[in-house]
């Protein structure tokens, strides 16, 4: 008997004028000790499935049909009081955003102990001891002290560990993890996912892992359910799905992955259109309107979840690989491009912006009146790089490494503590007047486009605002410019009268790009512009950015923690760690032949949509916590987490030196490969490799290798 089984589950959300058919006949099962991955775009029903199991639906929501069986017991007929005994005891849940899910007015320890007091009857002392025990169990540093902290005092990774501790406090039989790592760096993501895996093995529980990231579940799920428009469209074991996807939607998700485009040299596949309106679901196949192989019959008949075997089922009349695609293909009459094209290459010209020895420190003060300085946060420390006309420079690293601060310094949202920002013969870091004069030419594309727009203004007003402030043309020319921008970013002109909340996430990011283009800039600083988007929407935005770059000769500083995305879009990649630029060079060179151990660690940590690759690299990646920027380590700042660190690393800070003749630089005393005049050759980990100025540190080198 399965631990959990969903049979023909139907969930509806009643609105004032309509009803959303959020789930329509979902069938799933999971055995004890298994991990089930549930994937799909936003709005496909992943989270609604989890909430239906927990009976935590939004106002107006109800499970209207089917069965949800936990060890053979149907949860749907249970009263609210009976269901409350199941939640947190038999079924635990990790929510997507721990900051909004944790109570900001209660300490973390108290929130964990509350659960065991309710379900296990512990007294206050026993419950607190259990909370500390669980925090220690999930790898929280200093669990006694952290139990007394409030959520805002913890980092993102620590908050997620606290959420996991709360979900596991009563040792549930089933753990539901709803996008548990979406907002986290790849390094923290790997730690959290590894933690869930190890706990599953130790407790023998089942896990439902809800995500839109095909790389996250590749090496962790035993089987996968692909959901679309409230239904399961394909389900099988992980290895079979990745090797032989049969539903066109599953295939399209794989084709949208950034690593596919970077490896093939073609534009990312963009799934055309949007998921259907579930208040009025279409009569036939729900994916037919977006399917590149759809036949007229697909729009008339509804395919059922079937297959050659019960182990691999899919809901498609014309599954991938069964017949020749050319014989069944019917053109999709939508605006997005559906065929593979070569990635458009922009023409890289002269230097546009030059950063030299850039420093940004935030003072730490004490005292209510005098506010004396007692320390400083070293956010950016002696960073230098150049951005060329028509080039994309990708900037990667963990949260807290200084990427966003660099971006804010370039657009003038922060004042530099030291260094130069050269643009058009002027130093923007020292000359405020110069910064104002070029403000139109350097624009910022925000990570959260919704928060960056006034929710009470129509999008037409949002886009017209910079034109009004800069007094560009008259009203008619401004309106014409706005309409042309909407054409360029692929949005209908009729949508100009909408408010920001009326757009989808991908559409809002297109509006954000249009807003950045309003004043015809030469450089756009894009701060994590696709980190919160589904892979299908992400591909649309990345392709659009590349097309507009070629059309208008734009330069981008593309900030991200995802090296796969950066590799696809960037000409060069810079890697930052704790305020320092530790490696920079051509994108393919940095990706294929990294020199710095931190870069190698980031690459090993990126989830790859290949089960064999993911399982093979379980023990690789970056370990430990990011040190404090208030008191960074001496010498090389990465030495406290570096597998090759030696005494020399604590004594001297390594300079950026060249590894090859293609502009590939790195700052490491013991690099992964040595300089040989071209691409370099591998060096053993721990081997002393000094590409430049070896005489100056011969003594230190001898000491380090003794």
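Residue numbers (the numbering used here): 1 to 706.
In this text, a Cβ means the ideal position worked out from N, Cα and C, and glycines have one as well.
Just so we're clear, the structure is a prediction, and the values are computed from it rather than from any experiment.
Ends of the beta strand (DSSP E) at residue i?
i: residue 320; result: Note, residue 320: premise wrong, no beta strand (DSSP E); not H, not E.
i: residue 586; result: 580-586
i: residue 348; result: First-last for residue 348: undefined, no H or E at that position.
i: residue 7; result: 4-14
i: residue 92; result: 91-94
i: residue 223; result: 223-228
i: residue 146; result: Looking at the DSSP string, residue 146 is not in any beta strand (DSSP E); the run it does join, the alpha helix (DSSP H), is 143-146.
i: residue 532; result: Where residue 532 is concerned, there is no enclosing beta strand (DSSP E), given that its DSSP letter is neither H nor E.
i: residue 560; result: 555-560
i: residue 75; result: That residue, residue 75, is in no beta strand (DSSP E); it is neither H nor E in DSSP.
i: residue 343; result: Note, residue 343: premise wrong, no beta strand (DSSP E); not H, not E.
i: residue 572; result: 572-577
Where do the ends of the alpha helix (DSSP H) carrying residue i lie?
i: residue 242; result: 238-243
i: residue 625; result: Element bounds for residue 625: n/a, residue is neither H nor E.
i: residue 600; result: 597-605
i: residue 260; result: 258-264
So, helix, strand or coil for residue i, using DSSP?
i: residue 152; result: helix
i: residue 53; result: helix
i: residue 27; result: strand
i: residue 198; result: helix
i: residue 273; result: coil
i: residue 378; result: strand
i: residue 21; result: strand
i: residue 68; result: strand
i: residue 512; result: helix
i: residue 103; result: coil
i: residue 405; result: helix
i: residue 615; result: helix
i: residue 371; result: coil
i: residue 83; result: helix
i: residue 158; result: helix
i: residue 505; result: helix
i: residue 543; result: helix
i: residue 479; result: helix
i: residue 254; result: helix
i: residue 287; result: coil
Apart from the five residues just before and just after residue i, which ones in its own chain have a Cβ nearer than 7 Å to its Cβ?
i: residue 95; result: 101, 163 and 178
i: residue 506; result: 533, 537, 540 and 541
i: residue 87; result: 54
i: residue 159; result: 98, 99, 102 and 151
i: residue 615; result: 219
i: residue 696; result: Model confidence at residue 696 stands at a pLDDT of 33, short of 50, so the residue's coordinates are unreliable and nothing is read from them.
i: residue 446; result: 452, 512 and 527
Please report how far the alpha carbon of residue i lies from the alpha carbon of residue j, in whole angstroms.
i: residue 6; j: residue 67; result: 6 Å
i: residue 103; j: residue 217; result: 29 Å
i: residue 410; j: residue 167; result: 42 Å
i: residue 744; j: residue 170; result: Only positions 1 to 706 of the chain appear in this structure, which leaves residue 744 out of reach.
i: residue 165; j: residue 184; result: 17 Å
i: residue 52; j: residue 46; result: 10 Å
i: residue 307; j: residue 239; result: 17 Å
i: residue 427; j: residue 356; result: 10 Å
i: residue 23; j: residue 12; result: 7 Å
i: residue 1; j: residue 36; result: 16 Å
i: residue 326; j: residue 535; result: Reliability fails at residue 326, whose pLDDT of 39 lies under 50, so the model's placement of it is uncertain and the value that follows must be treated cautiously. Near 26 Å, if we compare the C-alpha coordinates of residue 535 and residue 326.
i: residue 291; j: residue 232; result: 16 Å
i: residue 469; j: residue 440; result: 11 Å
i: residue 622; j: residue 601; result: 5 Å
i: residue 488; j: residue 548; result: 8 Å
i: residue 595; j: residue 575; result: 11 Å
i: residue 472; j: residue 408; result: 25 Å
i: residue 304; j: residue 314; result: 8 Å
Closer than 8 Å by C-beta to residue i: which residues in its own chain qualify, once you throw out the five before and the five after it? Chain order, please.
i: residue 282; result: 276, 288, 289 and 299
i: residue 321; result: 244 and 246
Since residue i contacts residue j with CB under 8 Å, what's their CB separation in whole angstroms?
i: residue 364; j: residue 381; result: At roughly 16 Å, the Cβ-Cβ gap does not stay under 8 Å, so residue 364 and residue 381 are not in contact.
i: residue 638; j: residue 598; result: 5 Å
i: residue 609; j: residue 214; result: 4 Å
i: residue 90; j: residue 173; result: 5 Å
i: residue 284; j: residue 302; result: 6 Å
i: residue 528; j: residue 560; result: 6 Å
Just to confirm my understanding: we take residue i, look at its own chain, exclude 5 residues before and 5 after, and list those with CB closer than 6 Å. What are they?
i: residue 32; result: 3 and 206
i: residue 347; result: 390
i: residue 590; result: 573
i: residue 18; result: 279
i: residue 16; result: none
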